Each structure stands twice: as C-alpha cells, then as structure tokens.
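Protein chains: 2
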Amino acid sequence: MLKPSKTAFVPFVSVENMMRLVLHIGIEKVLTELAAEIEADFARWPLFDKTPRVASHSDVGVIELMPTSDGETYGFKYVNGHPSNMKRGLQTVTAFGLLADVATGYPLMLSEMTILTALRTAATSAMAAKWLAPKGATTMAMIGNGAQAEFQALAFKAICGLREVRLYDIDPAATEKAARNLAGQGLTVVPCKSAEEAIMGAQIITTCTADKQYATILTDNMVGSGVHINGVGGDCPGKTELHRDILLRSSIFVEYPPQTRIEGEIQQLDPDHPVTELWQVITGQAEGRRDARQITLFDSVGFAIEDFSALRYVHSRLKGTGLYQDLDMIADPDDPRDLFGMILRAEAASSTAA
Amino acid sequence: MLKPSKTAFVPFVSVENMMRLVLHIGIEKVLTELAAEIEADFARWPLFDKTPRVASHSDVGVIELMPTSDGETYGFKYVNGHPSNMKRGLQTVTAFGLLADVATGYPLMLSEMTILTALRTAATSAMAAKWLAPKGATTMAMIGNGAQAEFQALAFKAICGLREVRLYDIDPAATEKAARNLAGQGLTVVPCKSAEEAIMGAQIITTCTADKQYATILTDNMVGSGVHINGVGGDCPGKTELHRDILLRSSIFVEYPPQTRIEGEIQQLDPDHPVTELWQVITGQAEGRRDARQITLFDSVGFAIEDFSALRYVHSRLKGTGLYQDLDMIADPDDPRDLFGMILRAEAASSTAA
Numbered sequence: 064m065l066k067p068s069k070t071a072f073v074p075f076v077s078v079e080n081m082m083r084l085v086l087h088i089g090i091e092k093v094l095t096e097l098a099a100e101i102e103a104d105f106a107r108w109p110l111f112d113k114t115p116r117v118a119s120h121s122d123v124g125v126i127e128l129m130p131t132s133d134g135e136t137y138g139f140k141y142v143n144g145h146p147s148n149m150k151r152g153l154q155t156v157t158a159f160g161l162l163a164d165v166a167t168g169y170p171l172m173l174s175e176m177t178i179l180t181a182l183r184t185a186a187t188s189a190m191a192a193k194w195l196a197p198k199g200a201t202t203m204a205m206i207g208n209g210a211q212a213e214f215q216a217l218a219f220k221a222i223c224g225l226r227e228v229r230l231y232d233i234d235p236a237a238t239e240k241a242a243r244n245l246a247g248q249g250l251t252v253v254p255c256k257s258a259e260e261a262i263m264g265a266q267i268i269t270t271c272t273a274d275k276q277y278a279t280i281l282t283d284n285m286v287g288s289g290v291h292i293n294g295v296g297g298d299c300p301g302k303t304e305l306h307r308d309i310l311l312r313s314s315i316f317v318e319y320p321p322q323t324r325i326e327g328e329i330q331q332l333d334p335d336h337p338v339t340e341l342w343q344v345i346t347g348q349a350e351g352r353r354d355a356r357q358i359t360l361f362d363s364v365g366f367a368i369e370d371f372s373a374l375r376y377v378h379s380r381l382k383g384t385g386l387y388q389d390l391d392m393i394a395d396p397d398d399p400r401d402l403f404g405m406i407l408r409a410e411a412a413s414s415t416a417a
Numbered sequence: 064m065l066k067p068s069k070t071a072f073v074p075f076v077s078v079e080n081m082m083r084l085v086l087h088i089g090i091e092k093v094l095t096e097l098a099a100e101i102e103a104d105f106a107r108w109p110l111f112d113k114t115p116r117v118a119s120h121s122d123v124g125v126i127e128l129m130p131t132s133d134g135e136t137y138g139f140k141y142v143n144g145h146p147s148n149m150k151r152g153l154q155t156v157t158a159f160g161l162l163a164d165v166a167t168g169y170p171l172m173l174s175e176m177t178i179l180t181a182l183r184t185a186a187t188s189a190m191a192a193k194w195l196a197p198k199g200a201t202t203m204a205m206i207g208n209g210a211q212a213e214f215q216a217l218a219f220k221a222i223c224g225l226r227e228v229r230l231y232d233i234d235p236a237a238t239e240k241a242a243r244n245l246a247g248q249g250l251t252v253v254p255c256k257s258a259e260e261a262i263m264g265a266q267i268i269t270t271c272t273a274d275k276q277y278a279t280i281l282t283d284n285m286v287g288s289g290v291h292i293n294g295v296g297g298d299c300p301g302k303t304e305l306h307r308d309i310l311l312r313s314s315i316f317v318e319y320p321p322q323t324r325i326e327g328e329i330q331q332l333d334p335d336h337p338v339t340e341l342w343q344v345i346t347g348q349a350e351g352r353r354d355a356r357q358i359t360l361f362d363s364v365g366f367a368i369e370d371f372s373a374l375r376y377v378h379s380r381l382k383g384t385g386l387y388q389d390l391d392m393i394a395d396p397d398d399p400r401d402l403f404g405m406i407l408r409a410e411a412a413s414s415t416a417a
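Residue numbers (my numbering), protein chains in the order written: chain A, 64 to 417; chain B, 64 to 417.
This is the structure:
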C-alpha cells in the first residue's frame with residue numbers, strides 16, 4: 064500500500080495517554096487550568112454556536128452528541144449515560160470527543176473523554192462555586208461517591224480552598240473507595256453513614272448520583288440558609304436529585320437554559336421560573352451570590368462548551384509530549400477529486416508488492 | 064502502565080484498511096451488498112429514530128453530525144462539506160462514523176467514512192434508480208466528475224445494468240480523471256464537451272456537483288419525458304443543481320422530507336409541494352414510476368440511515384479479516400465507579416516500572 068500523507072492523520076489521545084498527560088501535568092494543576100479555560104470560554108459565551116445536545120433515549124439509557132463551535136474551532140462529544148451499566152461492570156458514562164478546523168472541516172484531534180469529562184465536570188463545578196459559594200467555605204458534603212466524586216473533591220480543593228470533604232453514598236463500598244482514593248491528597252476526609260451526617264457543617268453540598276429517575280437525595284429540611292448546592296447528578300429528562308421545595312427557596316444558576324429546562328433540576332418547575340445564566344455572572348451582567356443567607360444552586364447538566372474548552376486544553380498541552388497516536392482517518396488522495404483513483408493505486412501498489 | 068482490558072478497545076477501520084476491505088471483497092460486490100443493506104433498512108424505516116442532521120454552518124462550509132438508531136444499534140457520522148477545500152488540495156467531503164450498542168452505550172466500531180460515504184451514496188442512488196428509472200435504462204449522463212463520479216457509475220452498472228456512462232464536468236481535467244479511472248471497468252465511457260452532449264440518449268441523468276450556491280446544472284429544455292434524474296449534489300441550504308421548472312414537471316422522491324425540504328432541490332418549492340418517501344415505494348405503500356413518459360427525480364441529500372447501514376455492513380464484514388486496529392478509547396477500571404483509582408494505579412505502576 065502507498066503511505067498516507069501527513070494530512071491523512073488525526074492525533075488520537077487514548078485513555079492511557081490521557082492518564083499519562085494528567086499525571087505529567089499534575090491532577091490539581093489540570094483541574095485549575097481547565098477551570099480557567101472554561102471560565103474564559105463562558106466569558107465569550109455569546110460567540111458560540113449553541114444547541115441543546117442531540118439525545119437518543121432508550122429504556123436503559125441515553126446516547127448523546129454535544130456539538131459547539133466558536134467560529135474557528137468546532138468540537139463535539141459523544142457520551143452515553145447508562146445507570147444499569149455498573150451492574151455489568153461497565154462505566155455509567157463513557158465518552159470521546161473531537162476537535163475540527165471550521166475553515167476546512169478537517170479533524171484536529173480525537174480524544175478519549177471519559178476521564179476528561181470527569182475532569183471538566185469537576186472543574187466547572189468548582190469554577191461556578193468560586194462565584195456562588197459563601198465566602199470562606201471550607202467544608203463540602205459529597206452525596207454520591209461514584210466515578211466523579213474524587214475529581215469533584217480535588218477541584219474544590221484546588222480552586223475554592225476546600226479543606227474537608229464529608230462523603231456519603233447509599234452503597235458504603237462507594238464511600239470506602241472514595242475515602243481510600245482521597246487519602247493523602249491533602250483533604251480531611253470524613254466518611255458518613257447518612258446524608259444528614261454528611262451535610263453537618265458543610266457550606267457546600269454536592270449531589271452526584273446516577274439513578275435515571277426522579278429521586279430525592281436532599282429533602283427540604285436538610286438545606287439550611289447560606290448553603291451552596293452543586294447539583295451534578297440530575298442531567299437528563301426524568302432524572303432529578305433535589306426536592307422541589309429546595310428549588311423554590313434557591314437562587315438558581317444554570318449553563319444553557321434551553322437544555323437545563325429539559326434535563327436539570329428545574330424540569331420540576333414552571334418553564335418560566337427565573338434562572339440566571341452562569342456566564343452572565345462571570346461577565347458582570349448578572350449578580351451571583353448577594354448575601355450570606357441566600358441558598359445558591361448550580362443546576363449543572365454539563366454543556367458542550369465545557370467539553371470544547373477541555374478538548375482545546377488537551378490539544379494545547381499535547382505538543383511535545385508524544386502522548387498521542389496518529390490515526391489514518393482522512394482519505395487524502397493527491398488530487399482531492401480522485402478518491403476512486405486512490406483505491407485503484409492502492410490495488411496496483413499491493414499487487415506490485417505481492 | 065497497566066494494560067487496558069478487552070472492554071476498553073474499539074475496533075478502528077482506517078482509510079488504508081477500508082481500501083483493503085473494498086479490494087478484498089471487490090468494489091462492485093461491495094456496492095451491491097451495500098445497496099441490499101440500505102434497501103433492507105429502508106424497508107423497516109418507521110422503526111428508526113430519525114432526526115434531521117445537526118449542522119454547523121460557516122461562510123466556507125458545513126460540519127454535520129448525522130445520528131440514528133434502530134433501537135439495538137446506534138450510529139452516527141461526522142461529515143464536512145467545504146467546496147473551497149479542493150483549491151487547497153483537500154477533500155470537499157471527509158467523514159468518519161461510529162457504531163454503538165444501545166444497551167450499554169459502548170462504541171462497537173469507529174471507521175473512516177470518506178470512502179464509505181462515496182460507496183453508500185452511490186449504492187443508495189442505484190438502489191433508488193432500480194425502483195424509479197425507466198425499464199431497460201442502460202445509458203447514464205454523469206454531470207459533475209468529482210470524487211463521487213466513478214462510484215456512481217459502477218453502482219449503476221452493478222445494480223441497474225448500466226452499460227454506457229457519458230461524462231461531463233466544467234473542468235475537463237475532472238472528466239479525464241473519471242474516464243481514466245473507469246477504463247477497463249466494463250462500461251462504455253464517453254467524455255463529453257457539454258452537459259447537452261452528455262444527456263444525449265441517456266435515460267438516467269446524475270448530477271453530482273459541489274458548488275455551495277444555487278446553480279443550474281440542468282435547464283428545463285434539457286430534460287425530456289421518461290428520464291430519471293438522480294440529483295446528488297444539492298445537499299445543503301442554498302445549494303441546488305436543477306432549474307425549478309424541472310421540479311414542477313417531475314415526480315419527486317426523497318429520503319426524509321424534514322431534511323430534504325431544507326437541503327434538497329425541493330428547497331426551491333413550496334413547503335407543502337407533494338413528494339413521495341422512497342421507503343414507502345420499497346414497502347409498497349406508495350407508487351414508484353407509473354409510466355414510461357413520467358420524469359422521476361430522486362432528490363437525494365443523504366440520510367443518516369444510509370450511513371448506519373454502511374457502518375453495519377462494514378462491521379459485519381470485518382470479522383476474520385484483521386483489517387482494523389484496536390483503539391484504547393474507553394476507560395475501563397476494574398470497579399466501574401473507580402475512575403480516579405485507575406489513574407492512581409497507573410501512577411503507581413509507572414513509578415514501579417521506573
């Protein structure tokens with residue numbers, strides 16, 4: 064066969080190379096730099112091509128495509144959500160993504176995004192809390208100790224100065240796992256036997272559970288004044304974590320309203336219930352936390368721009384590391400109109416070689 | 064680093080391996096088998112999750128995602144359309160696609176689709192002509208001799224019994240290229256100096272040009288009664304190839320009306336102008352060609368189900384060939400909730416190794 068030309072190749076970041084890259088840079092540094100990238104992209108929010116994710120639902124889960132573009136670079140993520148996967152020993156959420164050049168439509172990078180999604184979700188949560196959590200918050204309750212928990216804890220440590228994380232999960236094995244992984248990471252880790260115990264003394268409450276159903280992880284009486292709630296787990300139609308009464312007492316901040324109204328906690332509210340877009344807090348067009356008694360809720364569902372920021376960050380950090388493989392993904396005949404001739408020449412080359 | 068488990072791997076079909084697979088099976092056999100797969104999927108059309116493609120337009124082109132699912136398997140294609148790429152020596156259209164398991168959301172196969180799109184477009188065109196072209200049609204005019212031309216000609220030969228193809232392109236070099244590639248493939252190939260010359264004696268007219276603008280490749284007086292028009296090039300908003308008067312005289316057949324109304328030739332017509340869905344002709348719910356004098360038009364824009372059929376076909380033909388690489392694309396910790404622990408263990412393994 065003839066060798067593919069340079070244009071034919073797309074750098075691919077495998078799971079192993081993503082882990083190497085994260086370890087090479089340092090996980091807290093990655094989270095901090097990612098949060099800065101995401102914040103910078105939120106600050107130029109109006110510039111992006113935005114669309115709610117394109118979801119394909121089945122009885123057991125959902126497969127989604129999340130595209131966006133800033134006019135120069137295009138990105139999309141493929142991501143699934145299958146709560147029942149865990150029972151089969153599979154990931155609830157797996158993902159990969161792609162960056163492409165808007166001017167040519169040619170892919171720039173393909174990357175695993177299962178690890179990267181956990182990182183970007185945590186970085187987004189902590190970035191939002193920086194704007195919304197009460198001053199001097201140092202203790203966080205973490206309800207739901209699955210795949211995302213440790214990433215969330217470390218992001219809040221690196222970005223918001225968190226010192227103590229209080230862990231609770233309906234499955235004690237998940238809490239043990241998270242406590243074990245977080246040992247020696249510079250946080251006081253307190254495993255708890257109930258959600259009530261976990262929220263004791265916490266100024267920030269993160270909910271990150273995976274059931275695809277209406278659930279009440281937090282009831283109204285559990286949430287006192289002044290708290291910041293980081294609601295991560297409610298992220299598709301029919302999947303919520305908070306009692307409706309909590310929402311009615313909270314100032315609600317969201318990523319992209321048309322998507323959050325369908326997928327977030329606010330699917331429980333009237334379609335015109337007032338919410339604030341986080342990007343407007345960052346640009347100063349809207350107010351964040353007003354006072355110490357206010358309950359703030361970041362109703363996070365995950366938006367395409369966060370994935371875009373994460374992919375661009377990885378792409379920018381890749382140069383010189385060698386932490387990628389070249390994939391022969393783009394057909395690149397010498398004459399672009401001669402796709403068929405490329406096959407004919409491949410045949411000729413292969414019979415010459417034989 | 065620890066070795067990724069079997070679940071972590073996704074088979075990837077590179078451009079080189081796609082060419083090898085096509086040559087291994089034989090290109091006309093691939094086109095015939097592909098047309099049968101596409102026809103079988105059109106016959107179970109109502110079963111599919113259908114959505115118009117998700118397009119991101121810029122001044123110079125478009126990047127699109129085309130997802131669909133039959134409830135068991137999910138597929139999507141990434142495809143760009145950049146007419147100006149050719150001047151830079153790049154492909155106008157490049158593509159790749161993915162199959163996934165609906166039950167778990169896990170990817171089953173990643174594949175190049177630049178070559179595969181040319182194959183599936185040609186197979187779809189010829190499959191439609193089998194239902195719509197006049198009986199005994201053996202001569203086709205091929206207007207636009209770019210990357211798709213030879214695939215179209217061979218599909219019509221293999222599936223519809225085409226014997227003669229008459230080539231015309233505004234760029235004589237494109238016609239020379241197509242004529243050279245088609246020499247010795249069992250067709251009478253007639254290079255022509257004008258579109259008028261190309262359509263002489265042709266019962267089938269294929270238009271496959273790439274300008275992103277309203278163009279008139281065929282004027283009204285060029286199209287006589289009884290002809291079948293296979294309109295392939297008009298496939299995005301603002302891009303058409305046929306004069307409106309031709310459409311008014313034709314029986315129009317389309318893939319998926321909500322998409323074709325936006326992207327096809329019929330964007331020139333009233334939104335309620337009657338069209339027939341091709342799948343209904345295949346299932347016998349609608350009439351195809353009624354008589355020998357009727358002008359039939361397949362206003363083809365390319366639909367996600369065709370890509371789905373093509374990906375499934377490649378996937379089914381891959382076993383035992385070795386014509387793929389395993390990509391480490393899915394993070395697969397031993398405990399699915401322990402994504403963070405996987406990174407910690409990778410670090411430990413790497414420091415032990417060092």
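Using N, Cα and C, we set each Cβ at its ideal position, and we do this for glycine too. Since the structure is predicted, the reported quantities are computational estimates derived from the model, not experimental observations.
Within this structure, are the beta carbons of Ala218 (chain A) and Leu94 (chain A) separated by less than 8 Å?
The answer is yes: Cβ separation under 8 Å.
Answer yes or no: do Leu310 (chain A) and Leu341 (chain A) have a C-beta to C-beta separation smaller than 8 Å?
No. Outside cutoff.
Closer than 7 Å, Cβ to any Cβ of chain A: which residues of the segment 228-256 of chain B, in chain order?
The segment 228-256 of chain B vs chain A, Cβ under 7 Å: Ala237, Lys240, Asn244.
Which first and last residues belong to the alpha helix (DSSP H) in which Tyr376 (chain A) is found?
Tyr376 (chain A) -> alpha helix (DSSP H) spans 367-381.
From the DSSP output, which residues share a beta bridge with Pro130 (chain B)?
According to DSSP, Pro130 (chain B) bridges with B:Phe139.
Using CA coordinates, which residue listed in B:Ala373, B:Asp397, B:Val377 is at the minimum distance from Ala185 (chain B)?
The residue with the shortest Cα to Cα distance from Ala185 (chain B) is B:Ala373.
Answer with yes or no whether the minimum CB distance from Thr155 (chain A) to chain B is below 8 Å.
Yes, Thr155 (chain A) lies at the interface with chain B (some Cβ there is under 8 Å from its Cβ).
Measuring only the C-alpha atoms, how far is Thr180 (chain B) from Pro254 (chain B)?
Those two C-alpha atoms are separated by around 25 Å.
Using the C-alpha atoms, what's the distance from Val73 (chain A) back to Met205 (chain B)?
Roughly 33 Å between the two C-alpha positions.
May I ask you to verify whether the segment 166-178 of chain A touches the segment 396-403 of chain A, counting CB pairs closer than 8 Å and requiring at least 3?
Verdict: no, contact absent.
Using a beta-carbon distance cut-off of less than 9 Å, what residues from the segment 78-91 of chain A approach chain B?
Listed by position, the residues of the segment 78-91 of chain A near chain B (Cβ gap below 9 Å) are Val78, Glu79, Asn80, Met81, Met82, Arg83, Val85, Leu86, Ile90.
Quick one, which of B:Tyr319, B:Glu328, B:Val295, B:Ser288 has its alpha-carbon nearest Arg312 (chain B)'s?
Closest by alpha carbon: B:Ser288.
Going along the segment 176-195 of chain A in order, which residues come within less than 7 Å of chain B, judged by CB to CB distance?
Listed in sequence order: Thr177, Ile178, Ala181.
Run through the segment 200-231 of chain B for me and flag every whole alpha helix (DSSP H) of 4 or more residues, listed as ranges in chain order.
Correct list: 212-223.
Do Leu245 (chain A) and Ala216 (chain A) count as a contact pair if the criterion is CB distance below 8 Å?
Yes, the pair counts as a contact, with Cβ atoms nearer than the cut-off.
What first and last residue would you give for the alpha helix (DSSP H) that runs through Gln343 (chain A)?
Where Gln343 (chain A) is concerned, the enclosing alpha helix (DSSP H) stretches over 341-345.
Assuming Thr303 (chain A) and Gln331 (chain A) form a contact by the criterion Cβ under 8 Å, report the distance between their Cβ atoms to the nearest whole angstrom.
Correct: roughly 6 Å between the Cβ atoms.
From the beta carbon of Glu296 (chain B), is the nearest beta carbon of chain A less than 8 Å away?
According to the sequence displayed, residue 296 (chain B) carries Gly and not Glu. Chain A contact via Cβ: absent.
Gly144 (chain B) and Gly124 (chain B) look like a contact to me (Cβ under 8 Å); what is the Cβ gap, rounded to whole Å?
About 5 Å; that satisfies the 8 Å criterion.
Would you mind giving the Cβ-Cβ distance between Leu153 (chain B) and Leu162 (chain B), rounded to the nearest angstrom? I have them listed as a contact below 8 Å.
Contact flag wrong, Cβ pair sits at about 27 Å.
Any beta carbon of chain B sitting closer than 8 Å to that of Tyr169 (chain A)?
Yes, because at least one Cβ of chain B sits closer than 8 Å to the Cβ of Tyr169 (chain A).
Counting only beta-carbon separations shorter than 8 Å, does Thr272 (chain A) have a partner in chain B?
So no, Thr272 (chain A) is outside the interface.
Taking 8 Å as the cut-off, decide whether the C-beta atoms of Glu369 (chain B) and Ile126 (chain B) are in contact.
Not a contact, by the Cβ cut-off of 8 Å.
Please report the straight-line C-alpha distance between Ser188 (chain B) and Val117 (chain A), rounded to a whole angstrom.
Taking the straight line joining both Cα atoms gives about 28 Å.
Measure from the C-beta of Pro321 (chain A) to each C-beta in chain B and report whether the shortest distance is under 8 Å.
It does not; no Cβ of chain B falls within 8 Å.
Considering Cα atoms alone, identify which of B:Thr384, B:Pro197, B:Arg243 is closest to Met405 (chain A).
It is B:Arg243.
Please tell me whether Pro300 (chain A) and Ile329 (chain A) are closer than 8 Å, where the distance is taken between their beta carbons.
In this structure, Ile329 (chain A) does not lie closer than 8 Å to Pro300 (chain A) by Cβ.
Does any CB atom of chain B fall closer than 8 Å to the CB of Ala218 (chain A)?
Answer no: the Cβ-Cβ gap between Ala218 (chain A) and chain B never drops below 8 Å.
With distances taken Cα to Cα, identify the nearest neighbour of Met263 (chain B) among B:Val290, B:Val142, B:Glu350, B:Val364.
Of the listed residues, the one whose Cα sits closest to Met263 (chain B) is B:Val290.
Drop a sphere of 10 angstroms on the beta-carbon of Asn148 (chain A), count the other beta-carbons inside from all chains shown, and report buried for 16 or more, exposed for fewer.
Answer is buried; the Cβ neighbour count reaches 16.
Buried or exposed: where does Lys240 (chain A) fall if 16 or more other Cβ atoms within 10 Å of its Cβ makes it buried?
That one is buried.
Give the DSSP-derived three-state secondary structure of Val317 (chain A) in the structure shown.
Three-state result, Val317 (chain A): strand.
Relative to the C-alpha of His336 (chain A), which candidate in A:Arg356, A:Ile315, A:Tyr319 has its C-alpha closest?
Of the candidates A:Arg356, A:Ile315, A:Tyr319, the one whose C-alpha sits nearest the C-alpha of His336 (chain A) is A:Ile315.
Just checking: is the beta-carbon of Phe366 (chain B) within a distance shorter than 8 Å of some beta-carbon in chain A?
Judged by the 8 Å Cβ criterion, Phe366 (chain B) is not in contact with chain A.
List, in order along the chain, the chain A residues whose C-beta lies closer than 7 Å to that of Thr114 (chain B)?
By Cβ distance, chain A contributes Val117.
State yes or no: is the beta carbon of Thr70 (chain A) nearer than 8 Å to at least one beta carbon in chain B?
Yes, contact with chain B.
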